[in-house]
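Novice:
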Amino acid sequence: MKIIKSLLVGASLALVASITQAASSGNTLASVDPEADRLAMQSFFQKRFPQVPLDDYVNGIYSLDAGSREQWEEIEEFPPYEFDIEEGEILFNTAFANGKSYAGCFANAGIGIRQNFPRWDESQGKIVTLELAINQCREANGEKKLGWKKGKIAQISAYMAYTSRDNVFDVQIPNDEAKAAYLDGKQSFYTRRGQLNMSCANCHIAGANILIRADLPGPTLGHVTHFPVFRSKWGELGTLQRRYGGCQKNVRGVPQKTQGEKFRNLEFFQTYMSNGLVVNGPGARK
Amino acid sequence: MKKTISLVAALMMISGVVAAHPFNEAFNEQRAMYGKGHSFTWDGQTYITDHPEEVAAAAEANAANATKLLASAKAKYAEVMAVDFGWTLTKNLLKSSNKALEAGDFRKSMNISAQAEYHSRMGIAQYHQSQTEWIMAVPE
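Chains A and B, in that order, give the protein sequences.
Going by our numbering, the first sequence opens with residue 5, and the numbers climb by one from there.
Going by our numbering, the second sequence opens with residue 9, and the numbers climb by one from there.
#1: Could you tell me whether the Cβ atoms of Ile-89(A) and Tyr-166(A) are closer together than 9 Å?
#2: Quick one: which unbroken beta strand (DSSP E) runs of 3-plus residues sit fully inside the region 44–130 of chain A? Chain order, please.
#3: Could you check whether the Cβ of Tyr-194(A) sits closer than 9 Å to any Cβ belonging to chain B?
#4: Using only the alpha-carbon positions, how far apart do Thr-140(B) and Ala-101(A) sit?
#5: At a CB-CB cut-off below 9 Å, which residues of chain B make contact with Gly-280(A)?
#6: Given 8 Å as the limit, is there contact between the region 110–124 of chain A and the region 266–280 of chain A, that is, 3 or more CB pairs closer than that?
#7: Just to confirm the assignment, what range does the alpha helix (DSSP H) spanning Phe-231(A) have?
#8: Does chain A have any CB closer than 9 Å to the CB of Glu-33(B)?
#9: Would DSSP call Leu-200(A) helix, strand or coil?
#10: Between Leu-244(A), Pro-221(A), Gly-257(A), Val-258(A), which has its C-alpha nearest Ser-72(A)'s C-alpha?
#11: Can you name, in chain order, every residue of its own chain whose Cβ lies under 8 Å from the Cβ of Ser-128(B), other than the five neighbours on each side?
#12: At a CB-CB cut-off below 9 Å, which residues of chain B make contact with Val-258(A)?
#13: Indicate the three-state DSSP secondary structure (helix, strand or coil) for Arg-169(A) in the structure shown.
#14: Measure from the C-beta of Ser-72(A) to each C-beta in chain B and report whether the shortest distance is under 9 Å.
#15: How long is the line joining the alpha carbons of Lys-237(A) and Leu-95(A), rounded to whole angstroms?
#16: Could you list the residues in the region 177–202 of chain A with a C-beta less than 9 Å from some C-beta on chain B, going in chain order?
#17: Pull up the distance between the alpha-carbon of Val-132(A) and that of Glu-74(A), whole angstroms please.
#18: The region 243–258 of chain A: which residues have C-beta closer than 8 Å to a C-beta of chain B, in chain order?
#19: Between the beta-carbon of Ile-115(A) and the beta-carbon of Ser-168(A), is there less than 9 Å?
#20: Please identify, using Cβ separations under 9 Å, the residues of the region 28–51 of chain A that lie next to chain B, in order along the chain.
#21: CA-CA distance, Asn-145(A) and Thr-98(A)?
#22: Label Leu-241(A) either buried or exposed according to how many other C-beta atoms from any shown protein chain fall within 10 Å of its C-beta, with 16 as the threshold for buried.
#23: Quick check: is the beta carbon of Lys-290(A) nearer than 9 Å to any beta carbon in chain B?
#24: I think Leu-68(A) touches Phe-53(A), with their Cβ atoms under 8 Å apart; what is that distance to the nearest whole Å?
#25: Quick check: Phe-114(B) and Ala-71(B), are their CB atoms within less than 9 Å of each other?
#26: For Ile-214(A), which three-state DSSP category applies?
#27: From the DSSP secondary-structure annotation, give me the bridge partner or partners of Gly-242(A).
#28: May I have the straight-line CA-CA distance separating Asn-179(A) from Gly-189(A), to the nearest angstrom?
#29: Can you grab the Cα-Cα spacing for the pair Lys-149(A) / Ala-69(B), in whole Å?
#30: Over the uninterrupted alpha helix (DSSP H) stretch that includes Phe-93(B), give me the two end residues.
#31: Return the residues of the region 36–57 of chain B that lie within a Cβ-Cβ distance of less than 7 Å from chain A, sorted by chain order.
#32: Here's the rule I'm using: 16 or more other beta-carbon atoms within 10 Å means buried, otherwise exposed. How should His-29(B) be labelled?
#33: Mind reading off the beta-carbon distance from Phe-214(A) to Thr-224(A)? Whole number of angstroms is fine, and I expect it under 8 Å.
#34: What number of angstroms, rounded off, separates the C-alpha of Asp-37(A) from the C-alpha of Leu-43(A)?
#35: Looking at Val-282(A) and Thr-229(A), is the spacing between their C-beta atoms short of 9 Å?
#36: Just to confirm my understanding: we take Ser-105(A), look at its own chain, exclude 5 residues before and 5 after, and list those with CB closer than 6 Å. What are they?
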């Protein structure tokens, strides 16, 4: 019993120690400094994995785990999402019943703009993700909303990401309301949930490239850059927030609402953390 | 070796749910090591490692008590869902408890309700802790 107990304490100290190095400030609106957070996150990963160049984090777990990288590179030679990009392009260019199309809803007619999402929308007073903007565009033109997690919305999003490849993520925080949304997303990221009582950070910062049960979580840096993703496990394309729900279920928590305020703010925080990395979506994952 | 976090560490995180208070810490530790029904001394008093829900479920097994516990567990579930911190297994526990109640297996129903209510109480505790504790998890 004694041994078990000291093991427990030892293990938990080890976790705390690795977490506390990862640096950054601010848990109130007055003190939060997103740019300092972002730099601290980068420097945490660069110290922990000095051999990994910063721009390689867009490749997720494959930037850290040489073992699975080779397999993945083979998959990417004949990308399983190619069909979805083509399908997405067709959908994107198909006119609505009123004769208009998606191009009319976006800056630069929707081409090469993935890196600016999610964005703070002043008139709506909330964070708008690319998928939300797609559905809002449909509704504004008298069309029905698409389902959030897969299928057509993911295909359109994949095409829009594809036209943005190599553009640098540049999510902006223009005012205090946007900063509050960022802070809310940051809180979500560090909040433990579910029966396993784990936060995103437990797995994707402290636990990055450490086996947690049978899984190997990747670094949060670069998490968003390659979405939507064709996942072998799904056998199809899925959106980032589909994955959020999956990770919350994995810790035996009831997932939060797809495209609800919490997930949109979380996506905003995560994307801000990846500012400076390039868009490389859509991607392929196990 | 380098890539393995033991299951022990994961367990530690679980008992961390409501560990802020020293009594809770002691309780969680005793519970984790000895399971339920174990007595221990803390600050001169003797305690048992049972959760309050388990104590309630030890009442006489009859239709009235089983109905009451299930209603209470359902209300707690609504409460945890309202703050968006529900756990995944709880809903099915409530269903199983209801089934057992209908089948007249009151003891079984009461035990399952206790478990469901415990989940929801812990989820609510997580919600409250999340308001302040997440800060300590943010890298310095």
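For glycine and all other residues, C-beta sits at the position ideal for the given N, C-alpha and C.
Keep in mind it's a predicted model, so treat the numbers as computed, not measured.
Specialist: The short version:
#1: For the purposes of this step, residue 89(A) is taken as the residue at position 85 of the first sequence. For the purposes of this step, residue 166(A) is taken as the residue at position 162 of the first sequence. For Ile-89(A) and Tyr-166(A), yes; Cβs fall inside 9 Å.
#2: Listed in chain order, they are 123–125.
#3: On the first sequence, residue 194(A) is found 190 positions in, with the first residue counted as 1. Flagged as an interface residue toward chain B: Tyr-194(A), by a C-beta distance shorter than 9 Å.
#4: Working through the second sequence from its first residue, we reach residue 140(B) at position 132. Working through the first sequence from its first residue, we reach residue 101(A) at position 97. One C-alpha to the other measures close to 50 Å.
#5: Start at 1 with the first residue of the first sequence, and residue 280(A) comes out as number 276. Within 9 Å of the CB of Gly-280(A), no CB atom of chain B is found; the nearest one sits about 18 Å away.
#6: yes
#7: Looking up residue 231(A) in the first sequence gives position 227. Counting along the chain, Phe-231(A) falls outside any alpha helix (DSSP H), and DSSP gives it neither H nor E.
#8: As a first step, residue 33(B) is located in the second sequence; it is residue number 25 there, counting from the start. At a cut-off of 9 Å, the C-beta of Glu-33(B) has no neighbouring C-beta in chain A.
#9: Counted from its first residue, the first sequence places residue 200(A) at position 196. Three-state DSSP puts Leu-200(A) in coil, outside helix and strand.
#10: Residue 72(A) sits at position 68 when you count from the first residue of the first sequence. Nearest option by C-alpha distance: Pro-221(A).
#11: In the second sequence, residue 128(B) corresponds to position 120, counting from 1. For Ser-128(B), where only same-chain residues beyond five positions count, the Cβ hits under 8 Å are Ala-81, Lys-84, Tyr-85, Glu-87, Val-88, Gly-94, Trp-95, Thr-98.
#12: Position 254 of the first sequence, counted from the start, is the residue given in the question as residue 258(A). Within 9 Å Cβ-Cβ: Val-88, Met-89, Asp-92, Phe-93, Gly-94, Trp-95, Thr-96, Thr-98, Lys-99, Gly-131.
#13: Residue numbering aside, residue 169(A) sits at position 165 when the first sequence is read from its first letter. Arg-169(A) carries a coil assignment under DSSP once its states are collapsed to helix, strand and coil.
#14: Position 68 of the first sequence, counted from the first residue, corresponds to residue 72(A). False, the Cβ-Cβ gap to chain B never drops below 9 Å.
#15: By one-based count along the first sequence, residue 237(A) stands at place 233. By one-based count along the first sequence, residue 95(A) stands at place 91. Approximately 25 Å between the Cα atoms of the pair.
#16: Lys-190, Gln-191, Ser-192, Phe-193, Tyr-194, Thr-195, Arg-196, Arg-197, Gly-198, Gln-199, Leu-200, Asn-201, Met-202
#17: Residue mapping note: residue 132(A) aligns to position 128 of the first sequence, counting from 1. Residue mapping note: residue 74(A) aligns to position 70 of the first sequence, counting from 1. Roughly 36 Å between the two C-alpha positions.
#18: Near chain B, meaning a CB-to-CB distance below 8 Å, the residues of the region 243–258 of chain A are Lys-253, Arg-256, Gly-257, Val-258.
#19: By one-based count along the first sequence, residue 115(A) stands at place 111. By one-based count along the first sequence, residue 168(A) stands at place 164. Going by C-beta atoms, Ile-115(A) is nearer than 9 Å to Ser-168(A).
#20: Ser-28, Ser-29, Gly-30, Asn-31, Asp-41, Ala-44, Met-45, Phe-48
#21: As a first step, residue 145(A) is located in the first sequence; it is residue number 141 there, counting from the start. As a first step, residue 98(A) is located in the first sequence; it is residue number 94 there, counting from the start. Straight-line Cα distance between these residues: approximately 13 Å.
#22: Numbered from 1 along the first sequence, position 237 holds the residue referred to as residue 241(A). Classification of Leu-241(A): buried, given that the 10 Å Cβ count is 16 or more.
#23: By 1-based counting over the first sequence, the position of residue 290(A) is 286. By this cut-off, Lys-290(A) is not an interface position.
#24: Mapped onto the first sequence, residue 68(A) falls at position 64. Mapped onto the first sequence, residue 53(A) falls at position 49. Contact flag correct, Cβ pair sits at about 6 Å.
#25: What you label residue 114(B) is simply residue 106 of the second sequence in a count that begins at 1. What you label residue 71(B) is simply residue 63 of the second sequence in a count that begins at 1. For Phe-114(B) and Ala-71(B), yes; Cβs fall inside 9 Å.
#26: Working through the first sequence from its first residue, we reach residue 214(A) at position 210. The answer is coil: DSSP assigns Ile-214(A) none of H, G, I, E or B.
#27: Counted from its first residue, the first sequence places residue 242(A) at position 238. Answer is Lys-154(A), Val-233(A).
#28: Translated into positions along the first sequence, residue 179(A) becomes position 175. Translated into positions along the first sequence, residue 189(A) becomes position 185. The straight-line gap from Cα to Cα measures roughly 16 Å.
#29: On the first sequence, residue 149(A) is found 145 positions in, with the first residue counted as 1. On the second sequence, residue 69(B) is found 61 positions in, with the first residue counted as 1. Put simply, the backbone Cα of Lys-149(A) is about 51 Å away from that of Ala-69(B).
#30: Position 85 of the second sequence, counted from the start, is the residue given in the question as residue 93(B). First-last for Phe-93(B): undefined, no H or E at that position.
#31: Met-41
#32: Residue numbering aside, residue 29(B) sits at position 21 when the second sequence is read from its first letter. Classification for His-29(B): exposed.
#33: Within the first sequence, the letter at position 210 stands for residue 214(A). Within the first sequence, the letter at position 220 stands for residue 224(A). Before going further, note that residue 214(A) is Ile rather than Phe in the sequence given. About 14 Å separates the beta carbon of Ile-214(A) from that of Thr-224(A), a gap too long to meet the 8 Å contact definition.
#34: Against the first sequence, residue 37(A) aligns to sequence position 33. Against the first sequence, residue 43(A) aligns to sequence position 39. Rounded to whole angstroms, Asp-37(A) to Leu-43(A) spans 10 Å at the Cα level.
#35: Counted from its first residue, the first sequence places residue 229(A) at position 225. Counted from its first residue, the first sequence places residue 282(A) at position 278. Taking 9 Å as the Cβ cut-off, Thr-229(A) and Val-282(A) qualify as a contacting pair.
#36: The residue you call residue 105(A) lines up with position 101 of the first sequence. By the criterion of a C-beta distance shorter than 6 Å, Ser-105(A) is surrounded in its chain by Ala-99, once the five residues flanking it on both sides are discounted.
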